[in-house]
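Working notes, beginning with the structure itself.
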Amino acid sequence: MAANVTDNLDPQQEKALLALLSEPTVKKAAEASGVPERTLYRWMDDAEFGKTYRQARRRAFSQAISLCQRYVPVALQTLVKITTDETAPHSSRVSAATAVLKFGRDSIELDDLAERIGHLERQIGEREIGGGALNSRSVA
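Taking this note's numbering, the leading residue of the sequence shown gets 800, the next gets one more, and so forth.
Okay, here's the thing in structure tokens:
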């Protein structure tokens, strides 16, 4: 199991890290944690604290994205209801329809990009394997 990202921090740094993740500014994080603002900036410039801070931010952001993804079907159903509701204002129906179309288009584009990237990665892998074989033959 992965180690806790804050294992290398002292209790004061852990408190500051939590404040940095939850407060909108460094100044407010300093106030919330009781750590001077200059100290927070110095810690954020420190390689170890900075790395831990970035890892924690990445984890928090990943959790937020997962939460958003859970509500995509509900949001899409809501947009479809608005689009098909003849009593809704035309501007709302057009906005909802536009959002549904953009979502569909973006989904197709992402699938296409993923396929193209996978294809390119396979080609690169084949070239590396083939290139290595050629180099070993030419040495002999």
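Where a beta carbon is used, it is the ideal one built from N, C-alpha and C, also for glycine.
(message) I'd like to know whether the C-beta atoms of Leu839 and Ala828 end up nearer to each other than 9 Å.
(response) At a Cβ-Cβ threshold of 9 Å, Leu839 and Ala828 count as neighbours.
(message) Distance check for Ala863 and Gln812, CA to CA, integer angstroms please.
(response) C-alpha separation (whole angstroms): 23 Å.
(request) Classify Glu925 as buried or exposed, calling it buried when 16 or more other Cβ atoms lie within 10 Å of its own Cβ. (result) Label assigned to Glu925: exposed.
(request) Mind reading off the beta-carbon distance from Ala855 to Leu820? Whole number of angstroms is fine, and I expect it under 8 Å. (result) Confirmed, Cβ separation roughly 6 Å.
(request) Taking Phe848 as the reference, give the member of Gly833, Asp809, Ser890 with the closest Cα. (result) Ranked by Cα distance from Phe848, the options Gly833, Asp809, Ser890 are led by Asp809.
(message) Starting from Glu852, trace the alpha helix (DSSP H) in both directions and tell me its first and last residue.
(response) Here residue 852 turns out to be Tyr, not Glu, going by the sequence shown. DSSP places Tyr852 in the uninterrupted alpha helix (DSSP H) bounded by 846 to 869.
(request) Determine the extent of the alpha helix (DSSP H) in which Leu820 is found, giving its start and end residues. (result) Following the DSSP letters along the chain, one finds Leu820 inside the alpha helix (DSSP H) bounded by residues 810 to 821.
(request) With Thr831 as the anchor, note down where its alpha helix (DSSP H) starts and where it stops. (result) In the sequence as presented, Thr is not what sits at residue 831; that position holds Ala. Start and end: 825 to 832.
(request) Just mark Ser906 as buried or exposed, buried being the case when its beta carbon has 16 or more other beta carbons within 10 Å. (result) Label assigned to Ser906: exposed.
(message) Using the three-state DSSP reduction, which class does Asp806 fall into: helix, strand or coil?
(response) Three-state result, Asp806: coil.
(request) Can you grab the Cα-Cα spacing for the pair Asp901 / Thr886, in whole Å? (result) According to the sequence displayed, residue 901 carries Lys and not Asp. CA-CA distance, Lys901 to Thr886, rounds to 23 Å.
(message) Give me, in chain order, the residues of the same chain whose beta-carbon lies closer than 6 Å to that of Val893; leave out the 5 immediate sequence neighbours on both sides.
(response) Taken in chain order, the list of residues that qualify is empty.
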